[in-house]
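Undergrad:
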Amino acid sequence: MADDGIDGGVVPQEGEYEMGMPQEGEYAEGEGEMPMGPGGEDEEEEFDDEEHPDDVVRNFGQHPMMENIQKALFSQLEREHERVLLEKREAEAELKMISDKREGVGVDLYSNQQQLARLQMALENLHNNFHTLRDARAQEESVLDESKSRHASLKGAYAERQKSLLKTQAELDALNETIHQVERYNEEMKNEIAVTRRATYKAETSVVELEKQKQGQDLYIDGLNEQRKQLQEQVALHESQFGNQADQTEEAKKILAETASEMELIAFEKKQLMQQWKTSLINLTKRDEAVAAATTSTQEASMQIRDLETEIEGTKRDIGTAQTQNETLVAMRERLGKEDVTLDEQIMKISNERDELAERYEMLQRSMAQTDDEEKKVDSVTTAIAAKVETANQNIQVVVRERQKVEASILTKNGERLTVNKAVKNYMKAAAAMTNAAHDKEIEAAHLENELSRIRVDTLNTDAHNVQLREMMEKQLTELKDKDKLIEKYQLEIRQRNDEIEKKMYRVDRLNRKYELLVDGQEDVEHMGPLEATISALRKEIVTVNEAATKLQREWLADQTQLVSTSSETEEKLEKNTELRARISILTEKKLRLNKDIGSHEAEVKRLDHMIQNMHKDMQRLNELIGKNTELQGELSQTNSVMEMEFVNELKELEHVSVQLEEKVTAIKSAKAGLLDDIMETERQLLLWEKKIQLEKETQAALDPEVGMQEIHAMEKEIHRMKLRFTTLKSEQDRMVKEMERAVHKREAIALRFKGKSGAAKNATKAGKAGGAPGKKELTKAQLTKKLGGLKRSIKDTAQTTAEYSAAIAERQAQINSMTAELESSTAQYGDLEEKLNNLQVAINTQLYDKQRQAETHAKRQRMLRRYQSLEQGRRKPVAESEMPLVERQLAGVSADKAKVKNLINAMREKFDHLDEVLGRVLQLAEDE
Numbered sequence: 001m002a003d004d005g006i007d008g009g010v011v012p013q014e015g016e017y018e019m020g021m022p023q024e025g026e027y028a029e030g031e032g033e034m035p036m037g038p039g040g041e042d043e044e045e046e047f048d049d050e051e052h053p054d055d056v057v058r059n060f061g062q063h064p065m066m067e068n069i070q071k072a073l074f075s076q077l078e079r080e081h082e083r084v085l086l087e088k089r090e091a092e093a094e095l096k097m098i099s100d101k102r103e104g105v106g107v108d109l110y111s112n113q114q115q116l117a118r119l120q121m122a123l124e125n126l127h128n129n130f131h132t133l134r135d136a137r138a139q140e141e142s143v144l145d146e147s148k149s150r151h152a153s154l155k156g157a158y159a160e161r162q163k164s165l166l167k168t169q170a171e172l173d174a175l176n177e178t179i180h181q182v183e184r185y186n187e188e189m190k191n192e193i194a195v196t197r198r199a200t201y202k203a204e205t206s207v208v209e210l211e212k213q214k215q216g217q218d219l220y221i222d223g224l225n226e227q228r229k230q231l232q233e234q235v236a237l238h239e240s241q242f243g244n245q246a247d248q249t250e251e252a253k254k255i256l257a258e259t260a261s262e263m264e265l266i267a268f269e270k271k272q273l274m275q276q277w278k279t280s281l282i283n284l285t286k287r288d289e290a291v292a293a294a295t296t297s298t299q300e301a302s303m304q305i306r307d308l309e310t311e312i313e314g315t316k317r318d319i320g321t322a323q324t325q326n327e328t329l330v331a332m333r334e335r336l337g338k339e340d341v342t343l344d345e346q347i348m349k350i351s352n353e354r355d356e357l358a359e360r361y362e363m364l365q366r367s368m369a370q371t372d373d374e375e376k377k378v379d380s381v382t383t384a385i386a387a388k389v390e391t392a393n394q395n396i397q398v399v400v401r402e403r404q405k406v407e408a409s410i411l412t413k414n415g416e417r418l419t420v421n422k423a424v425k426n427y428m429k430a431a432a433a434m435t436n437a438a439h440d441k442e443i444e445a446a447h448l449e450n451e452l453s454r455i456r457v458d459t460l461n462t463d464a465h466n467v468q469l470r471e472m473m474e475k476q477l478t479e480l481k482d483k484d485k486l487i488e489k490y491q492l493e494i495r496q497r498n499d500e501i502e503k504k505m506y507r508v509d510r511l512n513r514k515y516e517l518l519v520d521g522q523e524d525v526e527h528m529g530p531l532e533a534t535i536s537a538l539r540k541e542i543v544t545v546n547e548a549a550t551k552l553q554r555e556w557l558a559d560q561t562q563l564v565s566t567s568s569e570t571e572e573k574l575e576k577n578t579e580l581r582a583r584i585s586i587l588t589e590k591k592l593r594l595n596k597d598i599g600s601h602e603a604e605v606k607r608l609d610h611m612i613q614n615m616h617k618d619m620q621r622l623n624e625l626i627g628k629n630t631e632l633q634g635e636l637s638q639t640n641s642v643m644e645m646e647f648v649n650e651l652k653e654l655e656h657v658s659v660q661l662e663e664k665v666t667a668i669k670s671a672k673a674g675l676l677d678d679i680m681e682t683e684r685q686l687l688l689w690e691k692k693i694q695l696e697k698e699t700q701a702a703l704d705p706e707v708g709m710q711e712i713h714a715m716e717k718e719i720h721r722m723k724l725r726f727t728t729l730k731s732e733q734d735r736m737v738k739e740m741e742r743a744v745h746k747r748e749a750i751a752l753r754f755k756g757k758s759g760a761a762k763n764a765t766k767a768g769k770a771g772g773a774p775g776k777k778e779l780t781k782a783q784l785t786k787k788l789g790g791l792k793r794s795i796k797d798t799a800q801t802t803a804e805y806s807a808a809i810a811e812r813q814a815q816i817n818s819m820t821a822e823l824e825s826s827t828a829q830y831g832d833l834e835e836k837l838n839n840l841q842v843a844i845n846t847q848l849y850d851k852q853r854q855a856e857t858h859a860k861r862q863r864m865l866r867r868y869q870s871l872e873q874g875r876r877k878p879v880a881e882s883e884m885p886l887v888e889r890q891l892a893g894v895s896a897d898k899a900k901v902k903n904l905i906n907a908m909r910e911k912f913d914h915l916d917e918v919l920g921r922v923l924q925l926a927e928d929e
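In full-length UniProt numbering, the protein residues as written are 1 to 929.
(1) Could you check what DSSP says for A880 in three-state terms: helix, strand or coil?
(2) Rank F242, D499, T550 and K576 by C-alpha distance to the C-alpha of M472 and give the top, closest one.
(3) I350: buried (16+ other C-beta within 10 angstroms of its C-beta) or exposed?
(4) Roughly how many angstroms lie between the CA atoms of N326 and E92, to the nearest whole one?
(5) Do you know offhand how far T534's Cα is from L511's?
(6) Are the CB atoms of I193 and V894 nearer to each other than 9 angstroms?
(7) Going by Cα to Cα distance, which pick from E718, V545, A828 and K481 is closest to M505?
(8) Suppose you measure from the CA of E264 to the CA of Q272; what does that come to, to the nearest Å?
(9) So, at 8 angstroms on beta carbons, what are the nonlocal neighbours of H527 in its own chain, with the 5 sequence-adjacent residues on each side left out?
(10) Give a yes or no on whether the C-beta atoms belonging to D559 and L492 are separated by under 9 angstroms.
(11) Between the Cα of K481 and those of E718, S567, L923 and I443, spot the shortest distance and give me the residue it belongs to.
(12) To the nearest angstrom, how far is it from the Cα of L85 to the Cα of L557?
(13) Give me, in chain order, the residues of the same chain whose beta-carbon lies closer than 7 angstroms to that of R875; leave out the 5 immediate sequence neighbours on both sides.
(14) Taking all protein chains shown into account, decide if Q120 is buried (16 or more other Cβ within 10 angstroms of its Cβ) or exposed.
(15) With H, G and I counted as helix, E and B as strand and the rest as coil, what does DSSP make of R228?
(16) Is DSSP giving R150 helix, strand or coil here?
(17) Just the C-alpha distance for T462 and L580, rounded to the nearest angstrom, thanks.
(18) Is the region 625–635 touching the region 441–461 in the sense that three or more CB pairs, one from each, lie closer than 8 angstroms?
(19) Helix or strand or just coil, what does DSSP make of R102?
(20) Just to confirm my understanding: we take Q694, look at its own chain, exclude 5 residues before and 5 after, and list those with CB closer than 6 angstroms. What are they?
(21) Which residues in the same chain have their Cβ closer than 6 angstroms to the Cβ of H180, if we skip the five residues on either side of it in sequence?
(22) Identify, in the order they occur along the chain, each residue of the same chain with its Cβ nearer than 7 angstroms to the Cβ of V657, setting aside the five sequence neighbours on each side.
(23) Could you give the distance in angstroms between the alpha-carbon of K405 and the alpha-carbon of F130?
(24) Thinking just about the alpha-carbon of each residue, which of S637, E262, E183 and E502 is nearest to the one in E90?
(25) What three-state label does DSSP hand G874 in the structure shown?
(26) Going by DSSP in three states, F912 sits in which element: helix, strand or coil?
(27) Report, in whole angstroms, the separation of the C-beta atoms of I98 and T259, which I expect to be a contact under 8 angstroms.
(28) Please name the residue, chosen from A582, D916 and K591, that lies closest to V457 on a Cα-to-Cα basis.
(29) Comparing C-alpha positions only, which one of Y830, E811 and D618 sits nearest to R721?
(30) Alpha carbon to alpha carbon, how far is M715 from T827? Give it in angstroms, no decimals.
(31) Under a three-way DSSP split, which group does G37 fall into?
(32) CB-CB under 7 angstroms to T785, same chain, minus the five flanking residues each way: which ones, in chain order?
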């Protein structure tokens, strides 16, 4: 079909032109065989009516009037080429914008990564400093404790022996008081257990009182939960920041990959279009040769065939002009529709991208604000740690001075001299090493400066080369514009010549008609007078005009070929220019990295210079100390031997005293261990009662109907939203089905309407033939051809409309199928999410239960620790031996009550199946020691 050829942008091949263009020989044969009377026209009309419409539509490309359609096709290809160039420019502009955006994102990402690395390094340094200071502090504290213990043992040995008896008596009193308190506490626990047992059977009526008693515990638990939530929010915040950065990196990589694939696709399509352009030029050349051959054959035809051909050509032009206008309007309508759809899609895409970029920008701003806050916090922590470090340094210095004073009286002066000599040698080696390192850094800095100079020279050369390439590109663009103007000029001349040819053909047609009127009725047509010379002159003029038109067509083809080669060269230069721009960007980034490295190296060199200066100062101080040491060496060597003998005697006396004190400490520790065993047994009983109380609280919390209601309401809201979405999808599906039904009915109505019109036309034709009124004028061949063209156009329009409605129906069906699949997937996803929600709820409950158990265990251990400390410090009295049977009986009673409570819980688990999990946890809490 003609529309398919035009809309699809496919150029017909040479065979189509040869079959579609009428030849002179064909018209001659048709002239000899076709009757000229009214009967022959009726037979041709019947033959045309019997032809099948599908065959007419299928063979429409072989009809003679395809010549004008091919011209329209050529003009459409030119418009398509212009549109492709415009799209290419838009794609290049979009690529440039995306590249700029990518560079900006890369710079931001690099700066964020650098900042993150700096913060990480600072954090690691702080950790290292903290561990170092902690170890040093522990060592110094141990040394200090040893020194203090030695000093205290030497000074207060006698005082400790006097105080030991009083301390032991106080501890015994405290243990007795503790035992009395335990007894009172046991009695209170009995009363509370009795009250709790009665409250268990009346749980439904005493919920309000239990909630009042539970408010304190709830407030404590809420405080712990708030702390846990805050810590979890901070952890989630850091994880989300890390995930967002990873997602942004992946999105940048995906955008770059999509851009590269789109550029490759554009380049491939462009090569295809250039190849099609070259192919069309070759085909045009071949068709011009065929037309030249056909023109030479037409010159050998007779005058009568030429007259008939002129009449037929006039009719063809009318038909072709009308058909070309119709097809042009149809193509323009389709093109505008497609452009409208494309623009809508681009607008939606740009809006989505803008929203995504706005969200990313806001997210980055929030991340930067959070990073600033964290940096401020880190600064404050660093300041606090620095203050602590300064305090620790001062303490260390005090301890070191004291230790040095003690050691100064012990160490010999010979050892000090050897130490000082070794320190001098080590300092000399360190100074030489630092000097060599400084020289190496200076050499490395010189190398870096040379490398930077070379890079600057390369950058200048690249810039100059880019300027030359830009100038060459501008020259090529100006030449291309000149070529375009020249082509437009040639095309304008061709159109003018074609208009002149048409005018002269109309003139020849009028002259032929006059000639027919004059010749009609004459016997000798060869010698008719002076008009024959005029006819021959006109024929020569026609030949001359045809030759000129052929020459102009050849020139136009040559210009088109040159245009193709120029376009290919322009594309190659643009590719080279793009590659050079990429290299420039890479070199620029390399230059920035080298500048940063040079700055860091310069800072390192300055730091080393400063260290070298400090080392020189230290060397001067060491020389001064060496001079002083040589002066003091003689004096200290004399007093060394006397002090050594005194220290030996003192150490012997202290060792004897230390052995006696260790024997006493061993006896006291054995007595203390016995008391601690008794205290732990008592505390174990107290923990059992506390577990029972906590079990009762957990039972009341499990029976609370308000637990879990928030999650149930959230699930009900989500189910309601999914139901509304399902109803909306069902209504949309019904609407699309109704539209498809209306489209089917409309297609059927159109087919019936055109079928009725064609039947009425056939009946009217047959009635005209059967009547044969003598006064009615018979249809000529031109009228029949025009009528046939109208019928073929109607068939073509009907077929095109049918195809459009079929495509619309198929598209609607595909949309319904996709929406159905989406609904099914959404339903399956909802089921999976609901299952995941249940699993997560179970996991959360389990985690909360474990957390509660750990908190209770920790609280019990803290209470035990406080009680042990109070027993150890004498604030509580231990249980007397006379009261131990009473305590054991109470323990047995409590164990029996505990067994009863367990039996009660098991009975409730069997009776209330829905509370099996909660009661199981309560039972497990009761069984915990």
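Using N, Cα and C, we set each Cβ at its ideal position, and we do this for glycine too.
Predicted model, so just to flag it, every value in this text is computed and none were measured.
TA: Well, looking at it:
(1) coil
(2) Nearest of F242, D499, T550 and K576 to M472, Cα basis: K576.
(3) So I350 ends up on the exposed side.
(4) 35 angstroms
(5) 10 angstroms
(6) Closer than 9 angstroms, so yes.
(7) Closest option to M505, Cα to Cα, is V545.
(8) 12 angstroms
(9) Only weak support exists for where H527 lies, its pLDDT of 47 falling under 50; the value from the coordinates is given anyway. For H527, where only same-chain residues beyond five positions count, there are no Cβ hits under 8 angstroms.
(10) no
(11) S567
(12) 21 angstroms
(13) A174
(14) exposed
(15) Three-state DSSP puts R228 in a helix.
(16) R150 falls in the helix class under three-state DSSP.
(17) 8 angstroms
(18) no
(19) helix
(20) E856
(21) K877
(22) A157
(23) 28 angstroms
(24) E262
(25) Correct three-state label for G874: coil.
(26) coil
(27) 6 angstroms
(28) K591
(29) Y830
(30) Each residue's Cα considered, the two are about 15 angstroms apart.
(31) Unreliable placement is indicated for G37, whose pLDDT of 40 sits below 50; the coordinate value is still reported in the next sentence. Of the three classes helix, strand and coil, the one that applies to G37 here is coil, per DSSP.
(32) T315
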